[in-house]
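Participant:
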Amino acid sequence: MWVTFTCDENGRTLSGTDVLAALIVMQGMGVDAFGLNCSSGPAEMLEQMRRLTPYTTVPLIAKPNAGLPETVEGQAVYHCPPEEFASYAAGFAAAGVRIFGGCCGTTAEHVAALRAAVEAVDFSAFVPPRRDPDVIPCASEKEARFITPDIDVGETIECTSDLLEDILEAEENAPQGALKIAIYDEDDLYTFAENQYAVKDALCLWTDVPELLEQALRLYQGRAFWDGTGELEAAFLQEMARKYGLVLL
């Protein structure tokens, strides 16, 4: 499965999600490739790709427009000619892009020039980025968050009618950058689903019921982690990591 997103010059989707957070979530769930398409020209898209490079473990996809559009007499006009469009191929390749294409404003000439440029690239010259095993990528719905194996999750938050206020208070007063929410029953799942949008920090989910953990992971629009304090079977947790990207500490 390949997944691409459209973002603005600040790396945000129309709903406000940082594309780095989107990469972390989608990659954790097992996509085969991730990338960006449309909304910007090759120069702007390359800048965002370089943000993704240190954290990607899958091939990246780049399908930029033929430059930023300009409205002329009610029509979108693109000013990046094929040769200029193709000149970004080596930069994209160095950033980890392995699947190339074009979006709005590109023509057969753009694609032909891009193909020729890609064929001239020596991909073996690019060394994969070194990753620090003590920097672990997580994500909330809209933000990328990075934790360490010894992260302090603070006090456990229960899914009461005050969950929204408890989340906001925990994130305002706790400097550790993570919070922990416990799921005890089906009602907690409903409360969590209603309020999980408020989570901005890295989220640790906790429960002693396997089915509740899987349902919570399906509901959560981010990449959560497990701090190792529960008694769920290791094989089950590994399956949750494979299916939903759950980080196991």
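So the sequence shown is numbered by numbering that gives the first Met the number 0: it starts at 0 and just counts up by one. Cβ atoms here follow ideal geometry from the backbone N, Cα and C, with glycine treated the same way. Predicted model, so just to flag it, every value in this text is computed and none were measured.
So, with DSSP's three-state summary, where would you put E250?
Facilitator: It is not possible to answer for residue 250, since the shown part of the chain is limited to 0 through 248.
Participant: Tell me the start and end of each unbroken beta strand (DSSP E) in the stretch 177–208 that is at least 3 residues and wholly inside, in chain order.
Facilitator: 177–181 and 201–205
Participant: Measuring CA to CA, which of M239, S139, V152 and Q237 is closest to N194?
Facilitator: S139
Participant: Give me, in chain order, the residues of the same chain whose beta-carbon lies closer than 8 angstroms to that of G15; leave out the 5 immediate sequence neighbours on both sides.
Facilitator: K141
Participant: Kindly indicate which three-state DSSP category V175 falls into: helix, strand or coil?
Facilitator: Correcting the residue type first, residue 175 is Gln in the shown sequence and not Val. Looking at Q175 - three-state DSSP - the assignment turns out to be coil, as it is neither helix nor strand.
Participant: According to the neighbour-count rule (16 or more other Cβ atoms, all chains shown, within 10 Å of its Cβ), is T190 buried or exposed?
Facilitator: buried
Participant: What residue range does the beta strand (DSSP E) around I156 cover?
Facilitator: T155 to E157
Participant: Check this for me: beta carbons of A94 and L59, under 8 angstroms apart or not?
Facilitator: A94 places its beta carbon less than 8 angstroms from that of L59.
Participant: Measuring alpha carbon to alpha carbon, tell me which of E8, F4, T12 and A20 ends up nearest R222.
Facilitator: A20
Participant: Just to check my reading of the structure: C6 and C103 have Cβ atoms closer than 8 angstroms, yes? What is that Cβ distance to the nearest angstrom?
Facilitator: Not really, about 14 angstroms apart at Cβ, beyond 8 angstroms.
Participant: Among residues of its own chain, excluding the 5 on either side of V96, which ones have a beta-carbon nearer than 8 angstroms to its beta-carbon?
Facilitator: G34, M48, P58, L59, I60 and A61
Participant: Kindly indicate the opening and closing residues of the beta strand (DSSP E) around V71.
Facilitator: Unbroken beta strand (DSSP E) run through V71: E69 to V71.
Participant: On the three-state DSSP scale, how would you describe V96?
Facilitator: strand
Participant: By alpha-carbon positions, which one of E118, A92, I98 and T56 ends up nearest to R130?
Facilitator: T56
Participant: So is V24 buried or exposed if we call it buried at 16+ other beta carbons inside 10 Å?
Facilitator: buried
Participant: Taking all protein chains shown into account, do 16 or more other C-beta atoms lie within 10 angstroms of the C-beta of W225, making it buried, or fewer, making it exposed?
Facilitator: buried
Participant: Between the beta-carbon of L188 and the beta-carbon of L202, is there less than 8 angstroms?
Facilitator: no
Participant: Measuring CA to CA, which of E43, E154 and M28 is closest to C79?
Facilitator: E43
Participant: When the cut-off is 8 angstroms and only beta carbons count, does E8 lie next to chain D?
Facilitator: Looking at the structure shown, chain D is missing, and only one protein chain is on hand.
Participant: Checking 8 angstroms against the spacing of the C-beta atoms, do D200 and G176 come in under that value?
Facilitator: yes
Participant: Whole angstroms is fine: what's the gap from G90's alpha carbon to L45's?
Facilitator: 7 angstroms
Participant: Ignore the nearest five residues each way along the sequence and tell me which others in R11's own chain have a CB closer than 7 angstroms to its CB.
Facilitator: Closer than 7 angstroms at Cβ, skipping near neighbours: D17.
Participant: Kindly identify the DSSP beta-bridge partner or partners of L247.
Facilitator: W225
Participant: Provide the residue span of the beta strand (DSSP E) that contains Q74, from first to last.
Facilitator: Q74 to V76
Participant: If distances are taken between C-alpha atoms only, which option among E69, A169, H109 and S39 comes closest to S86?
Facilitator: H109
Participant: Just how far apart, CA to CA, sit V30 and I98?
Facilitator: 14 angstroms
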